[in-house]
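S.K.:
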Ligand code: AMP
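Residue numbers (our numbering): -12 to 104.
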């Protein structure tokens, strides 16, 4: 299902452009438009869910997490390491209310950083 006026729904549907890294029937992964790290990819389900605590089917959740490993391989950070972040709600400064996993890597991180915004 798709939500009107959701920018990530439009990316999933191909209605607005994104630099896609990976796609299957359930998820899309694309480059963050304002990267915080050398590797900064967003993994989203094609169906709309507001955030990671929404009522996401198990199979969709699994597909999102599986896609993280695929993205790590494509971006060459599986061995060097990476971080996944799911900003959820106002206290976490979630700005796009379509669930997404930030995949961050490509440089040394320190404890406590980076927080995805
Ligand atoms: P969050 O603050 O966790 O909701 O993260 C939303 C992320 O989406 C931010 O890192 C933005 O840079 C990114 N973003 C917003 N619009 C786009 C877009 N059209 N294409 C790619 N990334 C986007």
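Idealized CB from N, CA, C, for every residue including glycine.
Run through DSSP, which three-state label would residue 6 get?
M.R.: Stepping through the chain shown from its first residue, residue 6 is reached at position 19. Three-state result, residue 6: coil.
S.K.: Report the three-state DSSP secondary structure of residue 94 (helix, strand or coil).
M.R.: Here the question's residue 94 lines up with position 107 in the chain shown. Residue 94: coil per DSSP, three-state reduction.
S.K.: For residue 3, is the classification buried or exposed, using 16 other Cβ atoms within 10 angstroms of its Cβ as the cut-off for buried?
M.R.: Mapped onto the chain shown, residue 3 falls at position 16. Result: exposed.
S.K.: Could you name the residues of the same chain whose beta carbon sits closer than 7 Å to that of residue 9, not counting the 5 residues immediately before and after it, in chain order?
M.R.: Here residue 9 refers to the residue found at position 22 when the chain shown is read from its first residue. Counting only Cβ-Cβ distances below 7 Å, and skipping sequence neighbours, we find 16, 54, 57, 58, 61.
S.K.: Kindly indicate which three-state DSSP category residue 26 falls into: helix, strand or coil?
M.R.: Counting from one through the chain shown, the residue named residue 26 turns up at place 39. DSSP places residue 26 in strand when its eight states are reduced to three.
S.K.: In angstroms with no decimal places, state the Cα-to-Cα distance between residue 106 and residue -3.
M.R.: There is simply no residue 106 to check, as the chain begins at -12 and stops at 104 in what is shown.
S.K.: Quick one: using the 10 Å Cβ neighbour count with 16 as the cut-off for buried, is residue 52 buried or exposed?
M.R.: As a first step, residue 52 must be located in the chain shown, where it is residue number 65. Answer is exposed; the Cβ neighbour count stays below 16.
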